[in-house]
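Heads up: the sequence shown begins at 1 in UniProt numbering, then just goes up one per residue. Backbone N, C-alpha and C define an ideal beta-carbon position, used for all residues, glycine too.
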Amino acid sequence: MFSAIRTASASRAATRAFSTSTRRHDVAKLILIGNLGKDPEVKTTKNDKEFVSYSVATTSVGPPSENGPREVTTTWHRIMSFLPGSNKYLQTLKAGTKVYVEAAYEIREPDPEADPSTPQGQRQIFLRHESLSVISRPKPKSGEEEGVEEHM
């Protein structure tokens, strides 16, 4: 009788041995390390809620071609922040700043009723800002003072 109880409790412990907490939800997260393409912009939703939109450029290097040089590809990622505290900080950043970004990743399927040439008629990828760390700031142009590093 006691061996059956020991076996049942041992199998339950092995089931969640990797975690001491219950599973809350699934995660779809994207990590980017790249440069801000332009200064972050304040925008407004259809419901008059302010958010900050910013673009990060990442580069990847392909395999060597037959001629020898590797092809470098730049990909642009648009991230939206709806966090008021982060939005104030994001507005202080300038184009060319190298950043580390964590963003929630969501894909929205096209509306079958919409025109395929419109955004609603195409698959859309939404990146919702979660956190950002500055890796380096652009070098100041001559005549400008170098700024003090700020942390969130």
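With DSSP run on the structure shown, which of helix, strand or coil describes Leu83? What you label residue 83 is simply residue 83 of the sequence shown in a count that begins at 1. In the three-state scheme derived from DSSP, where H, G and I count as helix and E and B as strand, Leu83 is classed as coil.
Cβ neighbour criterion (16 or more within 10 Å) applied to Thr97: Taking the sequence shown and counting its residues from 1, one reaches residue 97 at position 97. Buried, because 16 or more other Cβ atoms sit within 10 Å of the Cβ of Thr97.
Helix, strand or coil, according to DSSP, for Glu149 in the structure here? Reading the sequence shown from its first residue, position 149 is the one you call residue 149. Its pLDDT being 47, under 50, Glu149 is placed unreliably in this model, and the value from its coordinates should be taken loosely. Coil at Glu149, not helix or strand.
Any contact between the segment 40-50 and the segment 118-125? By contact I mean 3 or more CB pairs, one from each, below 8 Å. no
Comparing the C-beta of Thr45 with each C-beta of chain C, is any distance below 8 Å? Absent from the structure: chain C. Only one protein chain is present.
Count the CB pairs spanning the segment 108-117 and the segment 68-76 that are closer than 8 Å, and state whether there are at least three. No: the two stretches stay apart, fewer than three of their Cβ pairs being nearer than 8 Å.
DSSP three-state assignment for Leu93, whether helix, strand or coil: Within the sequence shown, the letter at position 93 stands for residue 93. Reduced to three states, the DSSP call for Leu93 is coil.
Counting only runs that start and end within the segment 25-70, where is the beta strand (DSSP E) found for 3 or more residues in a row? 29-36, 41-44, 50-64
With 16 other Cβ atoms within 10 Å as the buried cut-off, status of His129: If you number the sequence shown from 1, residue 129 lands on position 129. Classification for His129: buried.
With the cut-off set at 8 Å, would you say Ser133 and Tyr100 are in Cβ contact? Numbered from its first residue, the sequence shown carries residue 133 at position 133. Numbered from its first residue, the sequence shown carries residue 100 at position 100. Result yes, Cβ atoms of Ser133 and Tyr100 sit closer than 8 Å.
Here's the rule I'm using: 16 or more other beta-carbon atoms within 10 Å means buried, otherwise exposed. How should Pro138 be labelled? As a working mapping, residue 138 is identified with position 138 in the sequence shown. Label assigned to Pro138: exposed.
Identify, in the order they occur along the chain, each residue of the same chain with its Cβ nearer than 7 Å to the Cβ of Leu30, setting aside the five sequence neighbours on each side. Your numbering for residue 30 matches position 30 in the sequence shown. These residues qualify, in order along the chain: Ala103, Tyr105, Leu127.
Nearest-angstrom beta carbon gap, Ser81 and Leu90 [assumed within contact, 8 Å]: As a first step, residue 90 is located in the sequence shown; it is residue number 90 there, counting from the start. As a first step, residue 81 is located in the sequence shown; it is residue number 81 there, counting from the start. So it is a contact: roughly 6 Å between Cβ atoms.
Buried or exposed by the 16-neighbour rule on C-beta atoms within 10 Å, applied to Pro63: On the sequence shown, residue 63 is found 63 positions in, with the first residue counted as 1. Exposed: under 16 other Cβ atoms inside 10 Å.
Determine the extent of the beta strand (DSSP E) in which Glu130 is found, giving its start and end residues. In the sequence shown, counting from the first residue as 1, residue 130 sits at position 130. Looking at the DSSP string, the run of the beta strand (DSSP E) that includes Glu130 is 124-136.
Who are Lys88's beta bridge partners in DSSP? Working through the sequence shown from its first residue, we reach residue 88 at position 88. Answer is none; Lys88 lacks a bridge partner.
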